[in-house]
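Engineer:
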Amino acid sequence: KALEFSVTGVVQPGMVADVTGEQLDAEMTGRTDSVIVVDVYATWCGPCKLLVPHLESAARQLGDQARVLKLDSEKNASWAGRYQVQGLPTLLLIKNGRIVDRMEGAHGADAILGFVQTHI
Amino acid sequence: MTASGPRVLHVAGHASCGFYSRITSCLGSLSLLFPSRLKVVEHDFGDRTKFRQWLVDDGFRNNFQDTTGKEHVACPIVWISKSLKEGDPDPADIEKYLGGYDATLDWCRDFTQPSDVNGHRSPVADMVDDGHTKDHGYEYDLVVIGGGSGGMAAAKEAASLGAKVALCDFVKPSPKGTSWGLGGTCVNVGCIPKKLYHIGSTLRETIQADSNFFGIASVGTEPDEMGQLPLMETDMKWNVAKENIQNYIRSLNFKYRVRLREKSVQYLNKLATFKDAHTVELVDKKGRTSEITSSRFLVATGGRPTPLDCEGADLAISSDDIFFLDKDPGKVLCVGASYISLECAGFLAGMSKDVTVAVRSILLRGFDRECSDRIGDYMKEHGVTFKMKVTPSKLEKVDGDRIQVTFSDGSVDTYDTVLGAVGRTADTAKLGLENVNVETNPKNRKIKAKFEQSTCPNIYAIGDVMEGCPELTPVAIQAGICLSRRLFGASKEPMDYVNVCTTVFTPLEYACVGLSEDDAIAKYGEDGIEVYHSEFLPLEWSLSQNRHGSNAYAKVIVDKSPQENVLGIHYVGPNAGEVMQGYGVSMKKGLTYKELTETVGIHPTSSEEIVTLSITKSSGEDAAAGGC
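From first to last, the protein sequence lines stand for chains A and B.
All letters in the first sequence, in the order written, are residues 615 to 734 by my numbering.
All letters in the second sequence, in the order written, are residues 9 to 636 by my numbering.
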């Protein structure tokens, strides 16, 4: 079931998975019928650390409705560049293989859920 | 020229020539505005043929002494005469050949600029034509080598003016292995971390020295029977400060990458070397090579710390390493008396470290002697040990990780960290400059440049790597922007390197603009200057009994002209950088002692001491300030 949910097998329903740029590409193109929410972050970024528990809570509540991933912008700098990430953290909403929305800054679980659910 | 009276300019040409009509119009306006300074006599020959007949065939031009004058063919031709006579051009009444259209415009610009000691007239930046054309066919219009203060500013400005720009930034790790991200020295291992550590240690020192006198103490502490509170004892944890400062710097690296992308500058994290005047070879951190071509290049590679040259020098670290040491530096020896060494020694001492500074000769060479000595005295009073007139002869490892240092005077001591800060060398050794005929100074390896253009016309240089550039971030930034405007905009303005404010962030800060007293004496003679000065205790230190020995100091150096032009302003005291910035603006416009002291001070501040200076050194009066 995990393999149906996630193309690469790296993420399961209800959890947040740290992925590489390549894995993100695979998830985006390999399965386009469910949305992906990506937290682009950096280890030195204070607000990114604040976001962590809220994102995890939102992931638990989303279950299999969305794939929740996070991407280290330092280790995957070219992806962050390609997606025009200007500030950290940035949540990218990917639907049908394309970025359709983004939200910058640290937000609570409810705000994150609201953001994702407008696209489900 | 008539002894007292206007300069007389003769313009010959023909009215159907656009250049003639523009020049006569310009000169006409000036002589209308300044009749006592300029008179113009026009000679309109009617048409080009008659003009050439007079100038060339009949040989009027042979009357000029100047060989350029003798070869002049174009319309107009301008010369200066000796008398006020009008009438036909008189070969006997020639004082000096001036030139044609361009030369006369330059003369007019000079004529209109006020000239005084500080408001110098900058020449127009006459760069050599580097052959750049819009359809040059190279991959880029400009490739910037070095992503520091100067490089990034120049790259973004050029891109915003429509140029296709690439920026190559690659940090070669220090001998100890320290490396960092985009932004150059200032952001990563210079100004920014230095100031943050300085702020932190000053904060700690202030809390410890002043809090209790302001009634501040830890919650629950009560005053003693004398009504005094105990000192607030504090500690500064190296690892916490380092972690937070490092994270902030990483956020700056990120911000700069975003900014380059926003401005459409291609960022290449690769090491560039010149193959030929239009090609650089690039190597990335995995060793993969590639090449790019460009019409123009800008070298902004800055400098790196010069290593110590004694036995065991590899045991020492440099300013590239000090800000991000994994463990507390412990007992430190700073070798050198540059501002880098003193600033580091200062903040380390402020963190209660045992700090020694080894000085070969004098403190802060190049800076005002009197102010430098005050800085040294303050540091001595605040726990820094100075070993004067010594250099380290040998470094050896002892007790596991400690370093035993033998000095040139025979003394020996052991330290946890030895910081070598004996100077910086321009980072040009492996750039391949020999392949492109870019000349460097053999002593400091800096690139020789005029108007930021090197000896290879399409290769430019700014910032620390360029000879003659004050090694300061804002100077590099402004020079970079200025250069890009000349290369890709319509500007002809040169960079102004004179009267740049600077600040040394030692525990007792020092800021200045203009000449030091030593340089002023060298230039004008001791009798050619006057110095107004004041020694004072800043209000913020007045309550604390621990501070009464520490004094701040301000002085202004003026020449002996009737208006007493200000040659230099010096301030030693808290918040020196903030204090000095505004005075830099007035120095650019030319400042007199009267204008300075007629400015009403802001009270109570330390800065107001500068606008209320009245006691001269020559009077012999005590410079210690009186009451309020």
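Here a beta-carbon is modelled for each residue, glycine too, at the ideal position from N, C-alpha and C.
(1) Would you check if the region 316 to 326 of chain B and the region 425 to 439 of chain B touch, i.e. whether three or more CB-CB distances between them fall below 8 Å?
(2) For residue 485/B, tell me which candidate among 467/B, 500/B and 460/B has the shortest Cα-Cα distance.
(3) Between the region 655 to 675 of chain A and chain B, which residues of the former have CB atoms less than 9 Å from a CB of the latter, in chain order?
(4) When you compare the CB of residue 700/A with every CB in chain B, is at least one pair closer than 7 Å?
(5) Strictly below 9 Å CB to CB, what residues from chain B border residue 677/A?
(6) Closer than 7 Å by beta-carbon distance: list the chain B residues that pair up with residue 560/A, in chain order.
(7) Quick one: list the residues of chain A neighbouring residue 247/B, beta-carbon separation under 8 Å, in chain order.
(8) Starting from the beta carbon of residue 255/B, find every residue of chain A whose beta carbon is closer than 8 Å, and list them in chain order.
(9) Does any residue of chain A have a CB that is nearer than 7 Å to the CB of residue 266/B?
(10) By how many angstroms is the C-alpha of residue 443/B removed from the C-alpha of residue 287/B?
(11) Here's the rule I'm using: 16 or more other beta-carbon atoms within 10 Å means buried, otherwise exposed. How should residue 354/B be labelled?
(12) Just checking: is the beta-carbon of residue 258/B within a distance shorter than 7 Å of some beta-carbon in chain A?
(13) With distance defined between alpha-carbon atoms, name the residue in 14/B, 148/B and 63/B nearest to residue 496/B.
(14) Around the C-beta of residue 224/B, are 16 or more other C-beta atoms found within 10 angstroms, so that it is buried, or is it exposed?
(15) Rounded to a whole number of angstroms, what is the C-alpha to C-alpha distance between residue 476/B and residue 635/A?
(16) Would the region 33 to 45 of chain B count as touching the region 59 to 68 of chain B if we require 3 or more Cβ pairs under 8 Å?
(17) For residue 175/B versus residue 152/B, is the C-beta distance shorter than 7 Å?
(18) Residue 724/A to residue 675/A, Cα distance in whole Å?
(19) Reducing DSSP to helix, strand and coil, say where residue 99/B ends up.
(20) Have a look at 94/B, 93/B, 32/B and 241/B and flag the residue whose alpha-carbon is nearest the alpha-carbon of residue 84/B.
(21) Who are residue 289/B's beta bridge partners in DSSP?
(22) Under three-state DSSP, which class holds residue 396/B?
(23) Can you tell me where the alpha helix (DSSP H) with residue 24/B in it begins and where it stops?
(24) Report the option in 561/B, 539/B and 117/B whose CA atom is closest to the CA atom of residue 616/B.
(25) Does the contact criterion of 3 or more C-beta pairs under 8 Å hold for the region 22 to 32 of chain B versus the region 692 to 709 of chain A?
(26) Would you decide whether residue 507/B is buried or exposed? Buried here means 16 or more other CB atoms lie within 10 Å of its CB.
(27) What is the DSSP secondary structure of residue 467/B, reduced to helix, strand or coil?
(28) Note down the Cα distance separating residue 198/B from residue 607/B, rounded to an integer number of angstroms.
(29) Which of helix, strand or coil does DSSP assign to residue 364/B?
(30) Have a look at residue 588/B and residue 205/B and give me their C-alpha separation to the nearest angstrom.
(31) Grouping DSSP H, G and I as helix and E and B as strand, with all else coil, what is residue 116/B?
(32) Please classify residue 244/B: does DSSP put it in a helix, a strand, or coil?
(33) For residue 542/B, list the residues DSSP reports as bridge partners.
Structural biologist: Taking the coordinates as given:
(1) yes
(2) Within the second sequence, residue 485/B is the residue found at index 477, counting from 1. Of the candidates 467/B, 500/B and 460/B, the one whose C-alpha sits nearest the C-alpha of residue 485/B is 460/B.
(3) 656, 657, 658, 659 and 660
(4) The sequence position of residue 700/A within the first sequence is 86, counting from 1. Interface residue, yes.
(5) As a working mapping, residue 677/A is identified with position 63 in the first sequence. Correct list: empty, because the minimum Cβ distance to chain B is about 33 Å.
(6) Residue 560/A lies beyond the range of chain A shown here (615 to 734); nothing can be said about it.
(7) Mapped onto the second sequence, residue 247/B falls at position 239. Counting only Cβ-Cβ distances below 8 Å, residue 247/B has no contacts in chain A at all, with the closest Cβ about 15 Å away.
(8) Against the second sequence, residue 255/B aligns to sequence position 247. Within chain A, the residues near residue 255/B are 658, 659 and 660.
(9) Here the question's residue 266/B lines up with position 258 in the second sequence. True, the Cβ-Cβ gap to chain A drops below 7 Å.
(10) Position 279 of the second sequence, counted from the start, is the residue given in the question as residue 287/B. Position 435 of the second sequence, counted from the start, is the residue given in the question as residue 443/B. The alpha-carbon atoms of residue 287/B and residue 443/B are separated by roughly 10 Å.
(11) The residue given as residue 354/B occupies position 346 in the second sequence. Residue 354/B should be labelled buried.
(12) Within the second sequence, residue 258/B is the residue found at index 250, counting from 1. Yes, residue 258/B lies at the interface with chain A (some Cβ there is under 7 Å from its Cβ).
(13) As a first step, residue 496/B must be located in the second sequence, where it is residue number 488. Of 14/B, 148/B and 63/B, the residue nearest in Cα terms is 148/B.
(14) Residue 224/B sits at position 216 when you count from the first residue of the second sequence. With fewer than 16 other CB atoms across the displayed protein chains lying within 10 angstroms of its CB, residue 224/B is exposed.
(15) Locating residue 476/B in the second sequence gives position 468, where the first residue counts as 1. Locating residue 635/A in the first sequence gives position 21, where the first residue counts as 1. Using only the alpha carbons, I get a separation of about 46 Å.
(16) no
(17) Along the second sequence, one-based indexing puts residue 175/B at 167. Along the second sequence, one-based indexing puts residue 152/B at 144. In contact: residue 175/B and residue 152/B (Cβ atoms closer than 7 Å).
(18) Position 110 of the first sequence holds residue 724/A. Position 61 of the first sequence holds residue 675/A. Answer to the nearest angstrom: the Cα atoms are 10 Å apart.
(19) In the second sequence, the residue the question calls residue 99/B occupies position 91. Three-state DSSP puts residue 99/B in a helix.
(20) Counted from its first residue, the second sequence places residue 84/B at position 76. With distances taken between Cα atoms, residue 84/B lies closest to 32/B.
(21) Taking the first residue of the second sequence as position 1, residue 289/B is located at position 281. Per DSSP, 281/B and 299/B.
(22) Here residue 396/B corresponds to residue number 388 of the second sequence, with the count starting at 1. Correct three-state label for residue 396/B: strand.
(23) For this step, residue 24/B is matched to residue 16 along the second sequence. Unbroken run through residue 24/B: none, as it is neither H nor E.
(24) Locating residue 616/B in the second sequence gives position 608, where the first residue counts as 1. The shortest C-alpha separation from residue 616/B is found at 561/B.
(25) no
(26) Position 499 of the second sequence holds residue 507/B. The residue in question, residue 507/B, is buried, as its Cβ has 16 or more Cβ neighbours within 10 Å.
(27) Taking the first residue of the second sequence as 1, we reach residue 467/B at position 459. Strand at residue 467/B.
(28) On the second sequence, residue 198/B is found 190 positions in, with the first residue counted as 1. On the second sequence, residue 607/B is found 599 positions in, with the first residue counted as 1. Roughly 35 Å between the two C-alpha positions.
(29) Within the second sequence, numbered from 1, the residue matching residue 364/B stands at position 356. DSSP places residue 364/B in strand when its eight states are reduced to three.
(30) Along the second sequence, read from residue 1 onward, the residue named residue 588/B stands at position 580. Along the second sequence, read from residue 1 onward, the residue named residue 205/B stands at position 197. Spanning the two alpha carbons is a distance of roughly 21 Å.
(31) As a working note, residue 116/B is residue 108 in the second sequence. Collapsing the DSSP output to three states places residue 116/B in a helix.
(32) Translated into the one-based positions of the second sequence, residue 244/B becomes position 236. Three-state DSSP puts residue 244/B in coil, outside helix and strand.
(33) Counted from its first residue, the second sequence places residue 542/B at position 534. Bridge partners of residue 542/B: 562/B.
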